[in-house]
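First the structure, in the form of structure tokens, and then the observations on it.
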Amino acid sequence: MSLPSNGAPGPDRVRLPRARRTRRKRVVAMCAVSLACWASVVSAQTAELAQGKRLFESQCGSCHGPLGNGGKGANLAQPRLRRATDDEALSNIIRRGISGTEMPGSPLTPSQVSSIAAYVKTLGRVAPEDVPGNPQRGKAVYAGLDCARCHTLRGRGGIVGPELDDIGARRSAAHLREALLAPEASVPSGFLQLRVVTRDGRTFTGIRVNEDGFSVQFRDLSGRLHSFWKDELDVIEQLWQRSPMTSYDTRLSVEQTDDLVAYLVALKGAPEE
Ligand code: HEC
Ligand code: HEC
């Protein structure tokens with residue numbers, strides 16, 4: 230079975246691991262004559278989902294939202310997931326995380342992984358996130374602002390900020406809104422801003438690209454890469470929770486903000502139609 234599609238399968242179609250499936254088949258055969266027996270099959274599944282829900286809330290909710298509809302992490306409450314395209318991919322992602330992203334692996338037991346996976350699949354049966362705003366108009370809002378100075382979208386733009394091609398698949402609408410109105414509230418990992426002062430008195434700021442015991446590399450706002458030996462520098466200041474992206478709060482009307490968020494939400498990595 231693939232992930233829940235819009236033709237929402239009922240809870241009885243949640244796939245169990247092979248051993249349990251076989252066990253279930255046997256129980257099902259025995260159950261043919263007894264209603265009470267059916268009730269016990271259903272309640273074992275209910276218990277598994279309840280465990281999955283509890284684990285999800287404690288292990289995943291901080292990023293994916295307690296209801297799974299996204300936050301810093303992707304919105305999982307949708308009928309199709311971009312990376313977790315089938316059961317195996319879903320379990321692998323939960324176990325190992327997604328390298329190169331903020332999605333961590335976790336030391337869960339196989340039974341915990343399978344109950345979380347079963348629960349994640351039930352999340353997809355809700356209606357898709359309802360985002361106010363018009364993505365077409367949002368596209369024009371985007372083009373009229375300076376976003377491309379720092380962000381690449383469809384191959385065009387600067388590289389100071391993260392690429393936006395699939396931002397709508399990676400982040401929730403609420404997170405995207407916050408990124409526009411209060412960029413410093415949720416700076417993605419990997420975007421640490423530095424301020425350095427050289428021994429001869431020059432000051433630079435930029436986003437850290439690399440740092441080791443002896444040297445540091447960062448990219449300034451024009452996208453230029455700087456590299457210094459640490460003994461050339463008087464000051465290296467790490468500006469946590471600081472962003473070169475300034476808030477668009479006062480530059481956008483409520484309607485423009487809604488439109489821009491709707492546009493970003495629609496960016497799921499697919500080529501433009
Ligand atoms: C520290 C934050 C964080 C935590 C904790 C976290 N995730 Fe994620 N997760 C993310 C981010 C960010 C992504 C998007 C990665 C990407 O595609 O760039 C993601 C992606 C995913 C995906 C892939 C979604 C898709 O579109 O295919 C699944 C499934 C997932 N997470 C499930 C979980 C589960 C289940 C847990 C708890 C065991 C969990 N995550 C814990 C941040 C987190
Ligand atoms: C001066 C450079 C700059 C400009 C201009 C800029 N951004 Fe950003 N943006 C960044 C940087 C750097 C980050 C990552 C660190 C952070 O969140 O501050 C970021 C983060 C973001 C994020 C969050 C990404 C994530 O993965 O959470 C979104 C969404 C975003 N920008 C959209 C926009 C849009 C839309 C515009 C135009 C209205 C814009 N940015 C203008 C530099 C910029």
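Under the working numbering, the residues of the sequence shown are numbered 230 to 502, in order. Virtual Cβ for every residue (Gly too), placed ideally from N, Cα, C. All of these numbers come straight from a predicted model, not from anything done at the bench.
In the DSSP assignment, Q422 falls within the beta strand (DSSP E) that extends over 422-427. Following the DSSP letters along the chain, one finds D395 in no alpha helix (DSSP H), marked with neither H nor E. DSSP, reduced to helix, strand and coil, places Q365 within a helical segment of the structure shown. Pairing G300 with F457, the inter-Cα distance amounts to about 36 Å. In this structure, the CA atom of R383 is about 8 Å from the CA atom of P500. Residue nearest to C379 within the set T486, L284, V490, P473 is P473 (criterion: CA-CA distance). Taking C-beta separations shorter than 7 Å and ignoring five residues to either side along the sequence, the partners of S444 in its chain run S456, F457, W458, K459, following chain order. I436 is bridged by DSSP to Q422, R448. Contact check between the region 424-442 and the region 320-338: fewer than three CB pairs, one atom from each, fall below 8 Å, which does not count as touching. Per DSSP, the unbroken alpha helix (DSSP H) holding D487 starts and ends at 483-494. Distances from the CA of L468 to each of E461, T434, T486 were compared; the closest alpha carbon is that of T434. With distances taken between CA atoms, A398 lies nearest to R312 out of P417, R312, L410. Residue pairing by DSSP places E466 opposite R424 in a beta bridge.
Distances from the CB of F420 to the heavy atoms of ligand 2 include at least one below 8 Å. Taking the Cα positions, D394 is about 24 Å away from G334.
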